[in-house]
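*Asks:* Here it is, the structure in full.
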Amino acid sequence: MGLKAMGFVIDVERCTECRRCMIACSLAKSGGVRMQSSRIGITPNWPDLPKILVCRFEDCAGHPCIEACPVAAIRESAGVVLIDAETCIGCGACEVVCPYQAIKLEDGKALKCDLCGGDPACIKECVTGAIRDKGVAD
Numbered sequence: 086m087g088l089k090a091m092g093f094v095i096d097v098e099r100c101t102e103c104r105r106c107m108i109a110c111s112l113a114k115s116g117g118v119r120m121q122s123s124r125i126g127i128t129p130n131w132p133d134l135p136k137i138l139v140c141r142f143e144d145c146a147g148h149p150c151i152e153a154c155p156v157a158a159i160r161e162s163a164g165v166v167l168i169d170a171e172t173c174i175g176c177g178a179c180e181v182v183c184p185y186q187a188i189k190l191e192d193g194k195a196l197k198c199d200l201c202g203g204d205p206a207c208i209k210e211c212v213t214g215a216i217r218d219k220g221v222a223d
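Take the position in the sequence shown, starting the count at 1, then add 85; the result is the number in the numbering used here.
The following block contains the structure:
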């Protein structure tokens, strides 16, 4: 799958809050089950539907994370927002302005979903279809 075709469809009505997506992400990104290392999050929103916290670049007006970064460590490439860890100074400006709460700081660096470079672990593990590739129909 090329980067140009990438993106999520998120259907919170299908989310059971099992957190398989978070476990898969943490395994893919940190090599172990460290929920704080997951680039996707699920926040209970009882009595309403849960919130799935992940970058929704296509829906994000003005891309404030890119604008907020004082060292230009954040860029867009083929519809995916990428953070250059070498350039990031860990100031947290991007985290503060992200309307989706999709950026967090860990070990002094900003982290966010990069769609696993084209093979998102979370999509493969979501058994309910709450998170799926935007190119895949129901």
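All C-beta atoms in this analysis are idealised placements derived from N, C-alpha and C, irrespective of residue type, glycine included.
Every value quoted in this text rests on a predicted model; they were computed, and no experiment measured them.
Residue ranges of each alpha helix (DSSP H) run of no fewer than 4 residues wholly in the region 142-215, ordered along the chain?
*Replies:* Runs found: 149-153, 178-182 and 206-210.
*Asks:* Return the Cβ separation of Cys179 and Ala109 in integer angstroms, given the expectation that the two are a contact with Cβ distance under 8 Å.
*Replies:* Taking the first residue of the sequence shown as position 1, residue 179 is located at position 94. Taking the first residue of the sequence shown as position 1, residue 109 is located at position 24. At roughly 24 Å, the Cβ-Cβ gap does not stay under 8 Å, so Cys179 and Ala109 are not in contact.
*Asks:* If you measure from the CB of Arg104, is any heavy atom of the ligand NAD nearer than 7 Å?
*Replies:* As presented, the structure is devoid of all ligands, the ligand NAD included, so that no description of it is given.
*Asks:* Taking only three categories from DSSP, how would you classify Leu112?
*Replies:* In the sequence shown, residue 112 corresponds to position 27, counting from 1. Looking at Leu112 - three-state DSSP - the assignment turns out to be helix.
*Asks:* Quick check on the burial criterion: 16 or more other C-beta atoms within 10 angstroms. Buried or exposed for Pro205?
*Replies:* On the sequence shown, residue 205 is found 120 positions in, with the first residue counted as 1. Answer is buried; the Cβ neighbour count reaches 16.
*Asks:* Taking Cys140 as the reference, give the member of Ala158, Gly193, Ser111 and Leu167 with the closest Cα.
*Replies:* Reading the sequence shown from its first residue, position 55 is the one you call residue 140. The residue with the shortest Cα to Cα distance from Cys140 is Leu167.
*Asks:* Buried or exposed: where does Lys219 fall if 16 or more other Cβ atoms within 10 Å of its Cβ makes it buried?
*Replies:* As a first step, residue 219 must be located in the sequence shown, where it is residue number 134. The residue is exposed, with fewer than 16 neighbouring Cβ atoms inside 10 Å.
*Asks:* Which of helix, strand or coil does DSSP assign to Gly87?
*Replies:* For this step, residue 87 is matched to residue 2 along the sequence shown. Per-residue confidence for Gly87 stands at a pLDDT of 32, beneath the threshold of 50, marking its modelled position as unreliable; no derived number is given.
*Asks:* Using the Cβ count rule (16 or more neighbours within 10 Å means buried), how would you classify Ser122?
*Replies:* For the purposes of this step, residue 122 is identified with residue 37 of the sequence shown, where counting begins at 1. Buried, because 16 or more other Cβ atoms sit within 10 Å of the Cβ of Ser122.
*Asks:* By the three-class DSSP mapping on this structure, what secondary structure does Val118 have?
*Replies:* Walking along the sequence shown from the start, residue 118 turns up at place 33. Coil, per DSSP.
*Asks:* Can you give me the start and stop residues for the beta strand (DSSP E) that Val94 sits inside?
*Replies:* Here the question's residue 94 lines up with position 9 in the sequence shown. Counting along the chain, the beta strand (DSSP E) containing Val94 begins and ends at Phe93 to Ile95.
*Asks:* If you follow the beta strand (DSSP E) that Leu138 is part of, which residue opens it and which one closes it?
*Replies:* Position 53 of the sequence shown, counted from the start, is the residue given in the question as residue 138. Residues Lys136 to Leu138.
*Asks:* Considering only residues of the same chain and omitting the five flanking positions on each side of Cys201, which have a CB-CB separation below 7 Å?
*Replies:* Here the question's residue 201 lines up with position 116 in the sequence shown. So the qualifying residues of the chain are Ala113.
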